[in-house]
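Trainee: So that we are looking at the same thing, I have put the structure below in structure tokens.
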Amino acid sequence: MATTPTSTATGRIDAPTRREQILKEAARLFAERGFHGVGVDEIGAAVGISGPGLYRHFPGKDAMLAELLVGISERLLSGGRLRVAESDGDPRVLLGALIDGHIDFALDDRPLITLHDRELDRLKDEDRKRVRQLQRQYVELWVTVVRELYPDAGESESRTAVHAVFGLLNSTPHLAALGRGPMEALLKRLAHGAFGALAG
Numbered sequence: 046m047a048t049t050p051t052s053t054a055t056g057r058i059d060a061p062t063r064r065e066q067i068l069k070e071a072a073r074l075f076a077e078r079g080f081h082g083v084g085v086d087e088i089g090a091a092v093g094i095s096g097p098g099l100y101r102h103f104p105g106k107d108a109m110l111a112e113l114l115v116g117i118s119e120r121l122l123s124g125g126r127l128r129v130a131e132s133d134g135d136p137r138v139l140l141g142a143l144i145d146g147h148i149d150f151a152l153d154d155r156p157l158i159t160l161h162d163r164e165l166d167r168l169k170d171e172d173r174k175r176v177r178q179l180q181r182q183y184v185e186l187w188v189t190v191v192r193e194l195y196p197d198a199g200e201s202e203s204r205t206a207v208h209a210v211f212g213l214l215n216s217t218p219h220l221a222a223l224g225r226g227p228m229e230a231l232l233k234r235l236a237h238g239a240f241g242a243l244a245g
């Protein structure tokens, strides 16, 4: 699932599809006003189609929410696995890449963080279990590299540090905007500093 324009093999940026536009606006509206505070007519109006026209793309709001939350979990995991493959076995490079990737998510997909916090329990059991399964696999990528970098830290301490850094990075919806560049730089320093504390 992509909620932003996608890049082609030639480097050209594709315009978002109508389906992607719908998901992006649904995420924004659900985050601002809550899942039950938004109707299909409002989502349709945000992308220039009638509410009933949305049903050509999704069976209903529940399906949109599921695709948003399952989709971002899939995207984080696939991105993490790609960074593992590109790191050439260097744990310091890998941890830096994982931090950078998660910061991009935290800054560019803030509505999805809000949605996850507020609306995850609204998913069907199978979708919620899928999200949790994907998240566990994503966490394990981080725990593995943190333990390699800081072997004196125990597994519990390393795992706690990973979750603490997620909490730090995922706090972006609640922070006053510094501008993307300064915020990205600050979050990088904070995340690396948090993991560096394991060396003590």
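Here the sequence shown is numbered in our numbering, starting from 46 and rising by one per residue.
Beta carbons: idealized from backbone N, C-alpha and C, even for Gly.
1. Rank L179, G241 and L235 by C-alpha distance to the C-alpha of A125 and give the top, closest one.
2. When burial is assigned at 16 or more other CB atoms within 10 Å of the CB, is G89 buried or exposed?
3. How big is the Cα-Cα spacing for L127 and D149?
4. If we count the other Cβ atoms within 10 Å of its Cβ and call it buried at 16 or more, is P104 buried or exposed?
5. Do you know offhand how far H94's Cα is from A108's?
6. Rounded to whole angstroms, how far is the Cβ of H219 from the Cβ of I144, which I believe are closer than 8 Å?
7. Which residue wins for smallest C-alpha separation from E171, given the options L114, F80, F211 and S123?
8. By Cβ distance, which residues of its chain are closer than 8 Å to D86, with the 5 residues on each side in sequence left out?
9. Would you tell me roughly how many angstroms separate the C-alpha atoms of F80 and E164, rounded to the nearest one?
10. Since L223 contacts L214 with CB under 8 Å, what's their CB separation in whole angstroms?
11. Alpha carbon to alpha carbon, how far is D135 from G241?
12. Could you name the residues of the same chain whose beta carbon sits closer than 6 Å to that of S203, not counting the 5 residues immediately before and after it, in chain order?
13. Excluding the 5 residues flanking R63 on each side, which residues of the same chain have their C-beta closer than 8 Å to its C-beta?
14. Taking the continuous alpha helix (DSSP H) assigned at Y195, which residues delimit it?
Mentor: Reading it off the structure:
1. For this step, residue 125 is matched to residue 80 along the sequence shown. According to the sequence shown, residue 125 is Gly rather than Ala. Checking every option, the nearest Cα to that of G125 belongs to L179.
2. Counting from 1 along the sequence shown, the entry for residue 89 is found at position 44. Buried, since its Cβ has 16 or more Cβ neighbours within 10 Å.
3. Here residue 127 refers to the residue found at position 82 of the sequence shown. Here residue 149 refers to the residue found at position 104 of the sequence shown. Rounded to whole angstroms, L127 to D149 spans 15 Å at the Cα level.
4. On the sequence shown, position 59 is the one that residue 104 refers to. With fewer than 16 other Cβ atoms within 10 Å, it is exposed.
5. Here the question's residue 94 lines up with position 49 in the sequence shown. Here the question's residue 108 lines up with position 63 in the sequence shown. Reading off the sequence shown, one finds Ile at residue 94, where the question assumed His. Approximately 18 Å, taken between the alpha carbons.
6. As a position in the sequence shown, residue 219 is number 174, starting the count at 1. As a position in the sequence shown, residue 144 is number 99, starting the count at 1. About 20 Å separates the two Cβ atoms, so there is no contact after all.
7. Residue numbering aside, residue 171 sits at position 126 when the sequence shown is read from its first letter. E171 has its Cα closest to that of L114, out of L114, F80, F211 and S123.
8. Here residue 86 corresponds to residue number 41 of the sequence shown, with the count starting at 1. If we look at D86 and ignore the five residues flanking it on each side, its Cβ neighbours are S95 and G96.
9. The residue you call residue 80 lines up with position 35 of the sequence shown. The residue you call residue 164 lines up with position 119 of the sequence shown. Going from the Cα of F80 to the Cα of E164 covers about 7 Å.
10. In the sequence shown, the residue the question calls residue 223 occupies position 178. In the sequence shown, the residue the question calls residue 214 occupies position 169. Contact flag wrong, Cβ pair sits at about 14 Å.
11. Start at 1 with the first residue of the sequence shown, and residue 135 comes out as number 90. Start at 1 with the first residue of the sequence shown, and residue 241 comes out as number 196. Between D135 and G241, the C-alpha separation is close to 17 Å.
12. In the sequence shown, the residue the question calls residue 203 occupies position 158. So the qualifying residues of the chain are V188, V191 and R192.
13. The residue given as residue 63 occupies position 18 in the sequence shown. So the list reads V92, I94 and H102, once near-sequence residues are dropped.
14. Residue 195 sits at position 150 when you count from the first residue of the sequence shown. First-last for Y195: undefined, no H or E at that position.
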